[in-house]
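Written below as structure tokens is the structure these notes are about.
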Amino acid sequence: MDVPSFYACYLLKSLSFPKSVYIGSTPNPIRRLRQHNGLISSGASKTSKRRPWDMTMIVYGFPSKLAALQFEWAWQHPHKTLRLPSETRSIIRGSKSARKRASSPRFDLKKSAQNVFAMLTSDAWSGWPLKMKIFSQEVWIIWKQILDKASGGLPAHITLELDPRKRTVETKEGSPAHEIPLRPGKIREKTPLPGSPVSKTKRLIYKPDEFGGVQGIDLLATKFTTDHLEKAEKIFDNGIEGKICSICLKPFSAKLLQTLTSPHENIILCTSGPCTHLAHVRCLAAIFLDKSKSLLPIIGFCPGCSSSLSWIDLIRGVGIRAKASMKTKAWKIDNDLDLVLDAMDEDEDIGSSGDTSSSTG
Ligand SMILES: [Zn+2]
Ligand SMILES: [Zn+2]
Numbered sequence: 006m007d008v009p010s011f012y013a014c015y016l017l018k019s020l021s022f023p024k025s026v027y028i029g030s031t032p033n034p035i036r037r038l039r040q041h042n043g044l045i046s047s048g049a050s051k052t053s054k055r056r057p058w059d060m061t062m063i064v065y066g067f068p069s070k071l072a073a074l075q076f077e078w079a080w081q082h083p084h085k086t087l088r089l090p091s092e093t094r095s096i097i098r099g100s101k102s103a104r105k106r107a108s109s110p111r112f113d114l115k116k117s118a119q120n121v122f123a124m125l126t127s128d129a130w131s132g133w134p135l136k137m138k139i140f141s142q143e144v145w146i147i148w149k150q151i152l153d154k155a156s157g158g159l160p161a162h163i164t165l166e167l168d169p170r171k172r173t174v175e176t177k178e179g180s181p182a183h184e185i186p187l188r189p190g191k192i193r194e195k196t197p198l199p200g201s202p203v204s205k206t207k208r209l210i211y212k213p214d215e216f217g218g219v220q221g222i223d224l225l226a227t228k229f230t231t232d233h234l235e236k237a238e239k240i241f242d243n244g245i246e247g248k249i250c251s252i253c254l255k256p257f258s259a260k261l262l263q264t265l266t267s268p269h270e271n272i273i274l275c276t277s278g279p280c281t282h283l284a285h286v287r288c289l290a291a292i293f294l295d296k297s298k299s300l301l302p303i304i305g306f307c308p309g310c311s312s313s314l315s316w317i318d319l320i321r322g323v324g325i326r327a328k329a330s331m332k333t334k335a336w337k338i339d340n341d342l343d344l345v346l347d348a349m350d351e352d353e354d355i356g357s358s359g360d361t362s363s364s365t366g
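Position in the sequence shown counted from 1, then plus 5, gives you my numbering.
Following this line, the structure appears as structure tokens:
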């Protein structure tokens, strides 16, 4: 079961041209911001003239890379996407001549934030298990204004976190160092603050990714992994014998234990807090799909604890456990070939279609 690793759509703001914004997507916002700012080479040529850039917010938790790319495109082209009702799009109207000259409308920080809000609350995306992090106080203030005006907020399952850049402050001897949030996009030393025009000849000493914020993104989902494994270890202390699926009430196949496949491949363990709800992958998938218009499970509620769960997180949990048990257990591969073949048959039922597609060309 392959789960896409971290993938985010992001909104940059130029600190030298405060009206310039840039929307992109990346599996690694930390590295990508460094590329945009020329701190490491390669890519990001489009943004090289308006450095330095500040990453103001990210949207992540997409069910696939393709889903992230579709989201990115719509956020970049809210005037073209068919998935967003036209009355919810925010576009800068400019003068007639400016409109004629420009091949596409312009967006500033506020319009971009309004557009992403419209997207997250639209039919097309409100059912996705997305998460948001806002790194800039400026966008946070804009966001609160958007919420004040909107009739409803974000869907409850979309998590939003304010995570401003932090800086460790050295304090007097004896008292511990502590962290304070920096003002967004603060340019240190002799340069003016963002918002005021900056002379191009002045060298900016801003280091946007120096202190937490973007830098603090948990790309490897370390906390999720440790928490999930800790919980799984307690539950599966004595293997899967005696454990049943809470939905169909059938025991988990012990046959799988003795084969090449990890038993965890078949079992979903709730990812919410201490809940220990266990289910077959396909049993829970059926429940998730029941009330959804989507063809693939995306989001649903745990039948045990009623928490809103992201399918991608559940499958990530399956993968984490499978990997861990592969590493820690000495594999007793049964020599009984029939048993192995049986289990492989069973595996095919679980999801992989035996479709052999032929390539042309
Ligand atoms: Zn079941
Ligand atoms: Zn649960």
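The beta-carbon is built from N, C-alpha and C at its ideal position, and this holds for glycine as well.
The structure presented is a predicted model; accordingly, all values stated were derived computationally and were not measured.
Counted within 10 angstroms of its Cβ, other Cβ atoms place residue i as buried (16 or more) or exposed
i: residue 283; result: buried
i: residue 253; result: exposed
i: residue 81; result: buried
i: residue 256; result: exposed
i: residue 298; result: exposed
i: residue 343; result: Residue confidence is low: residue 343 scores 45 on pLDDT, short of 50, so the model does not pin down where it sits. Its coordinate-derived value is still stated next. By the neighbour-count rule (16 or more Cβ atoms within 10 Å), residue 343 is not buried but exposed.
i: residue 51; result: exposed
i: residue 243; result: exposed
i: residue 150; result: exposed
i: residue 18; result: buried
Endpoints, alpha helix (DSSP H) assigned at residue i
i: residue 74; result: 70-81
i: residue 116; result: 114-125
i: residue 314; result: Not the alpha helix (DSSP H): residue 314 falls in the beta strand (DSSP E), residues 313-315.
i: residue 234; result: 227-240
i: residue 144; result: 142-154
i: residue 169; result: Premise fails: residue 169 is in no alpha helix (DSSP H) and is neither H nor E.
i: residue 41; result: 34-41
Segment limits, beta strand (DSSP E) that includes residue i
i: residue 59; result: 58-65
i: residue 136; result: 136-139
i: residue 304; result: 304-306
Residues bridged to residue i (per DSSP)
i: residue 388; result: The requested residue 388 does not occur in the structure, where the chain is confined to residues 6 to 366.
i: residue 164; result: 136
i: residue 284; result: 273
i: residue 256; result: 249
Beta-carbon spacing of residue i, residue j below 8 Å
i: residue 135; j: residue 64; result: yes
i: residue 315; j: residue 325; result: no
i: residue 238; j: residue 323; result: no
i: residue 28; j: residue 91; result: no
i: residue 165; j: residue 137; result: yes
i: residue 58; j: residue 42; result: yes
i: residue 73; j: residue 14; result: yes
i: residue 26; j: residue 112; result: yes
i: residue 95; j: residue 119; result: yes
Integer-rounded CB distance, given that residue j should sit under 8 Å from residue i
i: residue 280; j: residue 307; result: 6 Å
i: residue 158; j: residue 152; result: 6 Å
i: residue 88; j: residue 30; result: Actually they are not in contact, since the Cβ atoms of residue 88 and residue 30 sit about 16 Å apart, beyond 8 Å.
i: residue 61; j: residue 16; result: 5 Å
Residue i at chain C interface by Cβ criterion, 8 Å
i: residue 39; result: The structure shown contains no chain C, having only a single protein chain.
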